[in-house]
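Input: a single structure, listed below in C-alpha cells.
There are 2 protein chains.
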Amino acid sequence: MKNKIVRIKDIAEKAEVSKGTVDRVLHNRGRVSEEAREKVLRIIQEMNYEPNLIARTLKSNKVYHMAAIIPDPLIDPYWEAPKSGLEKAEKELRHYGISVTSFIFNPYNVDSFLKKAKEATQSEPDGILLAPVFYREVLSFFAQWDLRRIPYVLFNTQIPDATPLSYIGQDSYQSGFLVAKLLTFGLPEPGTFLVAHVYEDIPNSAHLMKKEEGFRHYFVEKKLTDKYQVVRLELGNPDSGLFTEQLNKVRRQYPDLKGIFVTNSKAYEIAFYLEKHRTTDIKLIGYDLLPKNLYYLETGIINFLINQNPKGQGYWGIQQLTDFLVFKKEIQPIKYLPLDIITQENLSYYIDNEG
Amino acid sequence: MKNKIVRIKDIAEKAEVSKGTVDRVLHNRGRVSEEAREKVLRIIQEMNYEPNLIARTLKSNKVYHMAAIIPDPLIDPYWEAPKSGLEKAEKELRHYGISVTSFIFNPYNVDSFLKKAKEATQSEPDGILLAPVFYREVLSFFAQWDLRRIPYVLFNTQIPDATPLSYIGQDSYQSGFLVAKLLTFGLPEPGTFLVAHVYEDIPNSAHLMKKEEGFRHYFVEKKLTDKYQVVRLELGNPDSGLFTEQLNKVRRQYPDLKGIFVTNSKAYEIAFYLEKHRTTDIKLIGYDLLPKNLYYLETGIINFLINQNPKGQGYWGIQQLTDFLVFKKEIQPIKYLPLDIITQENLSYYIDNEG
DNA sequence: ATTTAAATTGTTTTCGACCACATTCTGGCC
DNA sequence: GGCCAGAATGTGGTCGAAAACAATTTAAAT
Numbered sequence: 001m002k003n004k005i006v007r008i009k010d011i012a013e014k015a016e017v018s019k020g021t022v023d024r025v026l027h028n029r030g031r032v033s034e035e036a037r038e039k040v041l042r043i044i045q046e047m048n049y050e051p052n053l054i055a056r057t058l059k060s061n062k063v064y065h066m067a068a069i070i071p072d073p074l075i076d077p078y079w080e081a082p083k084s085g086l087e088k089a090e091k092e093l094r095h096y097g098i099s100v101t102s103f104i105f106n107p108y109n110v111d112s113f114l115k116k117a118k119e120a121t122q123s124e125p126d127g128i129l130l131a132p133v134f135y136r137e138v139l140s141f142f143a144q145w146d147l148r149r150i151p152y153v154l155f156n157t158q159i160p161d162a163t164p165l166s167y168i169g170q171d172s173y174q175s176g177f178l179v180a181k182l183l184t185f186g187l188p189e190p191g192t193f194l195v196a197h198v199y200e201d202i203p204n205s206a207h208l209m210k211k212e213e214g215f216r217h218y219f220v221e222k223k224l225t226d227k228y229q230v231v232r233l234e235l236g237n238p239d240s241g242l243f244t245e246q247l248n249k250v251r252r253q254y255p256d257l258k259g260i261f262v263t264n265s266k267a268y269e270i271a272f273y274l275e276k277h278r279t280t281d282i283k284l285i286g287y288d289l290l291p292k293n294l295y296y297l298e299t300g301i302i303n304f305l306i307n308q309n310p311k312g313q314g315y316w317g318i319q320q321l322t323d324f325l326v327f328k329k330e331i332q333p334i335k336y337l338p339l340d341i342i343t344q345e346n347l348s349y350y351i352d353n354e355g
Numbered sequence: 001m002k003n004k005i006v007r008i009k010d011i012a013e014k015a016e017v018s019k020g021t022v023d024r025v026l027h028n029r030g031r032v033s034e035e036a037r038e039k040v041l042r043i044i045q046e047m048n049y050e051p052n053l054i055a056r057t058l059k060s061n062k063v064y065h066m067a068a069i070i071p072d073p074l075i076d077p078y079w080e081a082p083k084s085g086l087e088k089a090e091k092e093l094r095h096y097g098i099s100v101t102s103f104i105f106n107p108y109n110v111d112s113f114l115k116k117a118k119e120a121t122q123s124e125p126d127g128i129l130l131a132p133v134f135y136r137e138v139l140s141f142f143a144q145w146d147l148r149r150i151p152y153v154l155f156n157t158q159i160p161d162a163t164p165l166s167y168i169g170q171d172s173y174q175s176g177f178l179v180a181k182l183l184t185f186g187l188p189e190p191g192t193f194l195v196a197h198v199y200e201d202i203p204n205s206a207h208l209m210k211k212e213e214g215f216r217h218y219f220v221e222k223k224l225t226d227k228y229q230v231v232r233l234e235l236g237n238p239d240s241g242l243f244t245e246q247l248n249k250v251r252r253q254y255p256d257l258k259g260i261f262v263t264n265s266k267a268y269e270i271a272f273y274l275e276k277h278r279t280t281d282i283k284l285i286g287y288d289l290l291p292k293n294l295y296y297l298e299t300g301i302i303n304f305l306i307n308q309n310p311k312g313q314g315y316w317g318i319q320q321l322t323d324f325l326v327f328k329k330e331i332q333p334i335k336y337l338p339l340d341i342i343t344q345e346n347l348s349y350y351i352d353n354e355g
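Here the protein sequences line up with chains Z and E, keeping their order. Quick note: the first sequence uses full-length UniProt numbering, first residue 1, plus one each step. Quick note: the second sequence uses full-length UniProt numbering, first residue 1, plus one each step.
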C-alpha cells in the first residue's frame, strides 16, 4: 500500500544494470543495447517511476534568461497587472534559475516596439514572453525566433499565423458571446446595443474584432436579430471633444439604446460620459479590473466587467516557459483563462488574489 | 547583474568560519562564540542570503502524514471534487514527503463522522484537512487537536468558534448576496423569490443559513423589499412524493414566483421538477458544476451556477498544510475563494481546469 | 590468436542544506 | 607543565538526478 518513492537506483537494481544505463535510457543519450533498454523501460513502467524534480533542479543549476516584451504600464495602466504577474512568477521561480528581463515599449509607437523586440532578441534569451499588440510587425520576429529555436509564449492577443510554444489569454470570440448574454439577460423589451472600440488601432487588433464577432453572433444564434439591433462605433482619443460628440450622435440616432459593450479595458471612459449625462438606463459592460473601472462598477454605472486576469497572464506565461525549459513538461499550446464575470458583489475576491 | 545565488559556503568563506558554524547561527543550535555569531549574522544580511528550498527539501526526506476527513462522494457526488483536488495536491507534493490518507464518512450519519474523526485522530497525523459538516460534533475534536498541536484546515463550511490553521472556501453571506443581485438583474416587474434548502440538516448547516441571510439582506440594503418578496422552503428527500408536493404548493401560493435560489449543490433536483412541469419563466440559480447541474445549465433551466471550486478547496487545503509544515510559511487564516459566476457561455473554462 | 576500435556498461563527483560526528581550542586546576 | 571538561569550530556523508569519466565487453580486422 505504502508506495515508496522510486529512484533511479531502485530501477537500476531491479533491472540489474547500473544507474548510468538507466540514465541513458531515460534521456535517450549514449548507447544502450536493445535488450537493456527494453528491460529498463519495462521496469520504469512497472514501478511507475517519476523523476524527482527537486533533485533534478538542484543538480542542474543552470540560469535561464527570459525576455518579457510588454507595453509600458505608465502609458497604458492595463499593463501593470501582467508585469506584476510575471514578477511574481520570477520571484517564486528564482531558485529554479529563472531570471526575467523586461523590455518595455510604447504601445502606441511601432518603432518603439521594433526597437525593444530587437534588443530582446539580441540578448539571446532562453525564452520570450510577448504581448503581440502589433500584429503585422511581430511576424518577422516569430520567424527569427523559430529559426534560433527560442521558445516564445504569447499572451493577451491571439495571433492566427503563429506557432508559439503557447498562447495564454481568453477566447475573444467567446467573451463577446458571453457579454451579449449578460446584456440581454432578463431584458423584456427590444432595443439597440452598441459595440464600442475605444482608442484602438482597429485593423491591427484582430482580437477586438473577434470579440465583436462573438457578440453579434449571439443574436444570430439565439434568433434575437428581430428583437435587438447591434451597431458599432470606433471612438478616438477620449480627451478630445470628438469623443463626446460621437457618443451624443449615437444616442440621438438610437433612442432605444439598451447597452454598450466596450471591447477593451477603457469602459471607464464611457462610464464617465454616461455619468456626466446622467444616463442610468443604459447597461455597460467592459473588461478588466482597473481602478477607474472599479470605481464605476461600485457606483453602478458599469454593470459587469469581464476579468481577463492580466496578472495571471503574465504569471502563467513565465510558468509555461519554465515548465518547458526547466521541467521539460508537455505544454498545452493554448491555455484559455476563464471568463470571470465580475460585479460589485463578487469583486473583492478577484482583486490581488490568485496566481 | 550581481545576481549570483549566495550559499552557506559563500557566507562561511567570507566570515572565515566553517559552514558548520554558519549552520549553527542560522538555526540557533549548538554553541557559537558571540564574536562569530555577530560576524556571520552581519554577512548574512549583507549578502542577502536566502536558503535554497530545493536543496533543503531534498535533504530532509521526512514524511508528513495528513488525514483528510471528508464525506463519501458515493453518497453525495459533490464531494468527488474536493477529493480529486486533494489527490492532485498529494501527487504534486509527494516528493516533498506529503502523504494523504482519506477518512470517508457518511454525511447523513453523525456516528459515521464520529467514528472516522476518531480514527483519523488516532492515526496521529501531522495535519488534518476537514469538511466540518456536523457543526456541534466537531467542536470536541478541535479541542483535542489544539491540545495535541495538530494543525487542521477547514474547508467548505466556516465554523465561528474555531481557530483552525486556515479556512478555505467561500464567504457564504456574500454569495447569497450575489445571487440576489443576479436574480434581480434586469427584472422590471415585482415578484416573489424562493430560497430552497434541499435535503439538508438545516440546524446543523450554519453556512446555508448565512447564504440565505446574505440573499435576504440584499433586498433590504437595496431597498427592494416593497418590490420583491422572499420566502423559504426546506425540502426533504427529492425521491419522495412530498418533494414535488411541496413545490406544487409554493407555486400555487405564489403565482408571481420569479426565481429560486438553491443553497446547495442540488439545483438539479429543482430543475428536474421545473422541466417536468414545463415552467420556463422561473429563474434558477444554484451551486457547483456537477454533471447534472451542467445538463440543466446547458438546457437553460438553470440560469447561473456559483462555482464553489470544490476541487480547489481540497487542493488548497493540502497546499496550506504543506506550506505550514514543510516550508514553514505564514498561513493566512482565511482563504476566500472567488465567487465564480458560471453560465452556459463561460462554463467550459471552469471545467477540469485550474488547480 | 592477437590487436584495436567501437559498443556498452559501471563509477564517481556535483549541486546546497543539513546534521552527526570529529577535532581543536580555552581556561581552570593540581 | 600536564590534564581535562566544556566550549567552539571543522569535516564529511546524505538526499536523487545528472553527467563526466572510467572500465569492461563485443566484434571486426589482421
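Where is the CB? At the ideal position from N, CA and C, for every residue including glycine.
Using the beta-carbon count (16 or more within 10 Å), is residue i buried or exposed?
i, result
"residue 162(E)", "buried"
"residue 72(E)", "buried"
"residue 143(E)", "exposed"
"residue 276(Z)", "exposed"
"residue 195(Z)", "buried"
"residue 258(E)", "buried"
"residue 157(Z)", "buried"
"residue 214(Z)", "buried"
So, does the CB of residue i fall closer than 9 Å to a CB anywhere in chain Z?
i, result
"residue 26(E)", "no"
"residue 251(E)", "no"
"residue 197(E)", "no"
"residue 135(E)", "no"
"residue 303(E)", "yes"
"residue 5(E)", "yes"
"residue 331(E)", "no"
Just how far apart, CA to CA, sit residue i and residue j?
i, j, result
"residue 356(Z)", "residue 159(E)", "Because residue 356(Z) is not part of the residues shown, which for chain Z are 1 to 355, the question remains open."
"residue 346(Z)", "residue 248(E)", "33 Å"
"residue 152(E)", "residue 282(Z)", "49 Å"
"residue 421(E)", "residue 350(E)", "There is simply no residue 421(E) to check, as chain E begins at 1 and stops at 355 in what is shown."
"residue 133(Z)", "residue 155(Z)", "10 Å"
"residue 219(Z)", "residue 186(Z)", "15 Å"
"residue 135(E)", "residue 243(E)", "26 Å"
"residue 279(E)", "residue 245(E)", "15 Å"
"residue 217(E)", "residue 226(E)", "13 Å"
"residue 116(E)", "residue 124(E)", "13 Å"
"residue 131(Z)", "residue 119(Z)", "15 Å"
"residue 102(E)", "residue 308(E)", "21 Å"
"residue 147(Z)", "residue 251(Z)", "52 Å"
"residue 297(Z)", "residue 183(E)", "18 Å"
"residue 40(E)", "residue 22(E)", "6 Å"
"residue 127(E)", "residue 65(E)", "7 Å"
Go through its chain and collect everything with a Cβ distance to residue i's Cβ below 6 Å, but skip five positions before and after it.
i, result
"residue 19(E)", "8, 9, 12"
"residue 263(Z)", "197, 208, 211"
So, is the C-beta of residue i closer than 9 Å to a C-beta in chain E?
i, result
"residue 354(Z)", "Per-residue confidence for residue 354(Z) stands at a pLDDT of 45, beneath the threshold of 50, marking its modelled position as unreliable; the derived number appears in the next sentence. Yes, contact with chain E."
"residue 272(Z)", "no"
"residue 279(Z)", "no"
"residue 298(Z)", "no"
"residue 58(Z)", "yes"
"residue 341(Z)", "yes"
"residue 324(Z)", "no"
"residue 285(Z)", "no"
"residue 293(Z)", "no"
Counting only the same chain and skipping the five closest in sequence on each side, list residues whose C-beta sits under 7 Å from that of residue i.
i, result
"residue 254(Z)", "192, 231"
"residue 274(Z)", "282, 284, 301"
Residues, ordered as in the chain, of the region 180-195 of chain E that lie near chain Z by beta-carbon distance below 7 Å: Considering only beta carbons, the part of the region 180-195 of chain E lying closer than 7 Å to chain Z consists of 181, 185, 186, 187, 188, in chain order.
Residues of the region 85-99 of chain Z in Cβ contact with chain E at a cutoff of 7 Å, in chain order, please. Under the 7 Å Cβ criterion, the region 85-99 of chain Z contributes 95, 99.
Beta carbons nearer than 7 Å to chain Z: which residues of the region 153-174 of chain E have them? Along the region 153-174 of chain E, going in chain order, the ones with a CB nearer than 7 Å to a CB of chain Z are 174.
The region 24-49 of chain Z: positions lying closer than 8 Å to chain E by Cβ: Correct list: empty, as no residue qualifies.
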